[in-house]
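> Here it is, the structure, as C-alpha cells.
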Amino acid sequence: MSGAVARGGMSAGSPAREAARLARMRRRRAWSVAGWVLCGIGFGMLGLAMGWILLMVLVRGITALTPTVFLEVTQGTGGGLLNAIEGTLVIGVGSMILAVPFGVAAGLYAAQFSHTMFARAIRFMADVLVGVPSIVLGYFGYVTMVEGLGWKFSLAAACITIAILCLPYICRTTELALSQVPAAMQEAAFALGAGEGLVAWRIALPVAMPGVLTGILLAFAISVGETAPLIYTAGWSSYMWNGALVGSPVGYLTYAIWAFINEPFASANALAYAAAFLVTVIVLLISVTARLVLLRREGAR
Amino acid sequence: MSFRRVLAVFAGVLPASLIAVLLFLAVYSWPAVRFNGIGFVTSTSWNLGNTYGSPILRNGVQVLPGAHYGILFLIAGTLLSTVIALLIAVPVGVGAAIFLAEAVPGWMRQWLSFFVELLAAVPSVVFGLWGYAVLVPLLGHFIYPAMGHVLGFIPFLGGSTGSGYGLLTAGIVLSLMIVPLIAATLRDAILAEPMVVRESAAALGATRFEAVWKVVLPGVRKILIGVTILATGRALGETMAVLMVSGNALNYLPPNIYSPISTMAAFIVSQLDSALQDPTGLAVRSLAEVALVLSVISIGVNTLARLVLYRSGLKAGQV
Chain A
0 MSGAVARGGM SAGSPAREAA RLARMRRRRA WSVAGWVLCG IGFGMLGLAM
50 GWILLMVLVR GITALTPTVF LEVTQGTGGG LLNAIEGTLV IGVGSMILAV
100 PFGVAAGLYA AQFSHTMFAR AIRFMADVLV GVPSIVLGYF GYVTMVEGLG
150 WKFSLAAACI TIAILCLPYI CRTTELALSQ VPAAMQEAAF ALGAGEGLVA
200 WRIALPVAMP GVLTGILLAF AISVGETAPL IYTAGWSSYM WNGALVGSPV
250 GYLTYAIWAF INEPFASANA LAYAAAFLVT VIVLLISVTA RLVLLRREGA
300 R
Chain B
0 MSFRRVLAVF AGVLPASLIA VLLFLAVYSW PAVRFNGIGF VTSTSWNLGN
50 TYGSPILRNG VQVLPGAHYG ILFLIAGTLL STVIALLIAV PVGVGAAIFL
100 AEAVPGWMRQ WLSFFVELLA AVPSVVFGLW GYAVLVPLLG HFIYPAMGHV
150 LGFIPFLGGS TGSGYGLLTA GIVLSLMIVP LIAATLRDAI LAEPMVVRES
200 AAALGATRFE AVWKVVLPGV RKILIGVTIL ATGRALGETM AVLMVSGNAL
250 NYLPPNIYSP ISTMAAFIVS QLDSALQDPT GLAVRSLAEV ALVLSVISIG
300 VNTLARLVLY RSGLKAGQV
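Residue numbers (numbering that gives the first Met the number 0), protein chains in the order written: chain A, 0 to 300; chain B, 0 to 318.
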C-alpha cells in the first residue's frame, strides 16, 4: 500500500497503474466508512436495547406507582410494597454495617502493607471472591445459617450473605483509593514521629475518603439490586420487619419483581413493575451520586 | 496489640469467609461427590428417585431407590448460553468502544460513556423482567418463526422454534448484561493508547479507521482478551435473568438454538424446593455439588482473566 502511494507521489506513472492506485484508494476508503458505520451500529444496538429497558421500566413503573405502593404492605397479589421497601433498606444498611469495617480494613491492609504476603493473599482472595457467583453465596447462607444454625429465613442470614458478597468490592475500591494517596504525605507524617495507625487514620483514610465512599455506595447499590442470594436467605414476607434478627423472613423489592411478574393477575404485575422502577431508580441514583463524589475529588485537585 | 495486628484481624475476615464458603461447599457436598462419581458431569439425568421408597445404602451413602444425579445438560446449557452471549457481546462491545473512543467529540463522549457505565449497574432481575415481558413474546411470536423459516437449513437453527423461552433468548439477555463491561473497559484502554501511534499510522498513509483497526486495536489486544474472559465469568454465574427467560429445561440437551435450557446457577434456584423433598438430604447435597462445580469453573475463569489483565498492566480495582 505504501509502495503504491510513494510511486504515485513521485511520478504520475502509467495511466493503468494510476487507475489501479485510485481504485485501491477508493476500496480502502469504502472499507473505512463501512468500519465506522459498523462501530456506530454496535453502539446503536447497545444504546437501543438499554434505552428500551430503561424506558419500559420507567413507563410501566410510573403508571403502576400509586400512593398505595408506598403506604400499604403486600396482601396476597395486591396491596402495596411498603414491607419490601423497608426490607430492602434494612438489608442494605445491615449488610453495610457488617461489610464496611471488614472491607475497609482489608483494603487498608492491602494498601498500607502492600508488599507483605498477607496483603497479597487479601488481594488474590478478593479477586477470587468476586468470581464466586452470588447464588453460590446464597446457597451457602441457606445451608449454613437458615438450616444449619436454625435461623430460618431471616435478616441476619441475609445481611451476612450480602456482606460477604460486598466485601471484595469495598476492599478493592478502598485499596485503589489509598494507593493514590501521595507517598510523600505519609512519609512526612512518619518523619514527624507518627505511627502506622495514626498515619492510616489521620492521613491516608481522610485523603482517600471520596474513593472509599464511592466503593461503599456501589456496594450498597449491589445489595439493593441482588436477588438470587436473598431468595434463600431472606425468604419473603408480606409484613413489616418485626425487629427480629433471626427466625422471621424479610420482604425485599427484587423478590417482588421476580415473583409477581409470574402471577396471572394485573395487580401483581403492576407491583412487579413498581418494584422494578424503585430498584432501578435507587440503583441508578446511587451510581450517579458515587460518580459525582469521584468527580468532585478530581475537580478539587 | 499493635495497630497492624488489629487491622490484620479485621482484614482477615475477607479471606476467612472465602475459605469458609469453599471449604463448607466441599465438605457438605462430599457424600454427593462420592455417590455421584464422575457420572455427575457426564450424564444427563437429575432424578431424586422414589421419594416414597425407603432409603437404601449405596457407595456408603443413604440414597432413595432410583436416585441418579447427572448435570451434563446444565453444563451444556451454561456453556452454550455463555458462548452465544460472547458471540454477540464481543463484536458489539468492540464496535461501541471504538465508537465512543474515536468517533464522538469529547463532551458527548463523557455523557455517552456515563450512560454505558450506568447500564452496568442495572440489576440482573431488571434485565430478566425486560426479557420476560418484552423479549420473549417478541422473539417467540415473530423473530424465531421467521428465523426458523429462513435459516432452517443450518444445523441448530431449524426445527421447532418453541415459545421464545430458551437458549438464544438467554444468550441475548446475557450479552446485554456483559456488553457494558466490555465496552467501558476497552474504551478506556483505547483512549489510553498514545496519540503518536495513531499519528504514525496516518503518516504511513492509513485512513483514520485503518489506524484504529490495524494499529490501536492490536495494541489493546490483551485487555480485550482479559475483559472477555472476565465477562465470561459474569455470564457463567448469572442467575436471575437466565432463570426468567431460559425456560428452565430439565434433563435434556438442547436440540436447537431455540430450545429451553437451564444453567447451573438458575438450576440451584429453581430446584431447591424440590430437592428438600428428599429425606436422605442427598438431593440438597448434590445441589451443593452443582454450586461447587460452578464455583470452580467461575473462579478458574476469573483468575485467568485477572492474570491476563494484570499482565497487560491494568489494576484489578479498575475493572
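Idealized CB from N, CA, C, for every residue including glycine.
How would you list, in chain order, the residues of chain A whose beta-carbon sits under 8 Å from the beta-carbon of B/W212?
G34
> Is it right to say B/F126 is buried, meaning 16 or more other beta carbons lie within 10 angstroms of its own, or is it exposed?
buried
> So, does the CB of A/L168 fall closer than 7 Å to a CB anywhere in chain B?
Strictly speaking, residue 168 of chain A in this sequence is Tyr, with Leu absent from that position. A/Y168 does not count as touching chain B.
> For the alpha helix (DSSP H) that B/L275 lies in, which residues bound it at each end?
Per DSSP, B/L275 lies in no alpha helix (DSSP H) segment and is marked neither H nor E.
> Residues of the segment 122-142 of chain B with a CB closer than 8 Å to any CB of chain A: list them in chain order, please.
P122, S123, V124, V125, F126, G127, L128, W129, Y131, A132 and V133
> If you measure from the beta carbon of B/V219 to each beta carbon in chain A, is any gap under 7 Å?
no
> Determine, for B/G38, whether the minimum Cβ-Cβ distance to residues of chain A falls below 7 Å.
no
> B/I267 touches chain A at which residues, Cβ-Cβ below 7 Å?
I134 and Y138
> Quick one: any contact between the segment 272-286 of chain A and the segment 52-71 of chain A, if contact means 3 or more CB pairs under 8 Å?
yes
> For B/V60, which of helix, strand or coil comes out of DSSP?
strand
> Compute the beta-carbon to beta-carbon distance between A/I159 and A/G140, rounded to the nearest angstrom, for a pair I have assumed lies under 8 Å.
Yes, they are in contact, since the Cβ atoms of A/I159 and A/G140 sit about 7 Å apart, within 8 Å.
> With DSSP run on the structure shown, which of helix, strand or coil describes B/I70?
strand
> Just grab the DSSP bridge partners of B/I260 for me.
In the DSSP assignment, B/I260 forms a beta bridge with B/G246.
> Hey, is the segment 268-277 of chain B in contact with the segment 1-14 of chain B, meaning 3+ C-beta pairs nearer than 8 Å?
Between the segment 268-277 of chain B and the segment 1-14 of chain B there are fewer than three inter-stretch CB-CB distances shorter than 8 Å, so the stretches are not counted as touching.
> Can you give the beta carbon distance from A/S286 to A/A220, rounded, assuming they're within the 8 Å contact cut?
6 Å
> Taking Cβ to Cβ, would you say B/F98 is nearer than 7 Å to A/C38?
yes
> Excluding the 5 residues preceding and the 5 following A/V135 in the sequence, name in chain order all residues of the same chain whose CB lies nearer than 8 Å to its CB.
Excluding sequence neighbours, A/V135 sits near nothing in its chain.
> In terms of residue numbering, what span does the beta strand (DSSP E) encompassing B/S44 cover?
T43 to N46
> Between B/T168, B/G161, B/P144 and B/V121, which has its C-alpha nearest B/L134's C-alpha?
In this structure, B/T168 is the residue among B/T168, B/G161, B/P144 and B/V121 with its C-alpha nearest to the C-alpha of B/L134.
> Can you tell me the Cβ-Cβ gap for B/W45 and B/G69, rounded? I've got them flagged as a contact below 8 Å.
7 Å
> Taking C-beta to C-beta, are A/T67 and A/Y251 nearer than 7 Å?
no
> Buried or exposed for B/A200, going by 16 or more other Cβ atoms inside 10 Å?
buried
> Using C-beta distances below 6 Å, list every residue in its chain close to A/A267, excluding the 5 sequence neighbours before and after it, in chain order.
T76 and F259
> To be precise: take each residue of the segment 74-95 of chain A, compare its Cβ to all Cβ atoms of chain B, and keep it if any distance is under 9 Å. Which residues remain?
none
> Would you say B/L175 lies against chain A (beta-carbon separation less than 7 Å)?
Contacts with chain A at 7 Å (Cβ-Cβ) include B/L175.
> Quick check on A/R277 - is its C-beta less than 7 Å from some C-beta in chain B?
According to the sequence displayed, residue 277 of chain A carries Leu and not Arg. Residue contact check for A/L277 against chain B: no CB pair falls below 7 Å.
> Can you name the residues that DSSP bridges to A/Q179?
Paired residue(s): none; A/Q179 is not in a bridge.
> A/S13: buried (16+ other C-beta within 10 angstroms of its C-beta) or exposed?
exposed
> As a quick exercise: from B/G94, B/L6 and B/T41, pick the residue whose alpha carbon is nearest that of A/G46.
Measuring from the Cα of A/G46, the nearest candidate turns out to be B/G94.
> Which residues mark the beginning and the end of the alpha helix (DSSP H) in which B/V172 is found?
From DSSP, the alpha helix (DSSP H) with B/V172 extends over L166 to A191.
> DSSP three-state call for A/G79: helix, strand or coil?
coil
> To the nearest angstrom, how far is the alpha carbon of A/Y108 from that of B/A234?
31 Å
> Between A/I163, A/V129, A/D126 and A/V32, which lies nearest to A/G93 when the distance is taken from Cα to Cα?
Considering only alpha carbons, the answer is A/I163.
> Which residue's Cα is closest to the Cα of A/L166: B/M107, B/P14 and B/K221?
Closest in alpha carbon position to A/L166, among B/M107, B/P14 and B/K221, is B/P14.
> Are there three or more Cβ pairs, one per stretch, closer than 8 Å when the segment 82-96 of chain B is compared with the segment 164-180 of chain B?
yes
> Report yes or no: is there a C-beta of chain B within less than 7 Å of the C-beta of A/S31?
yes
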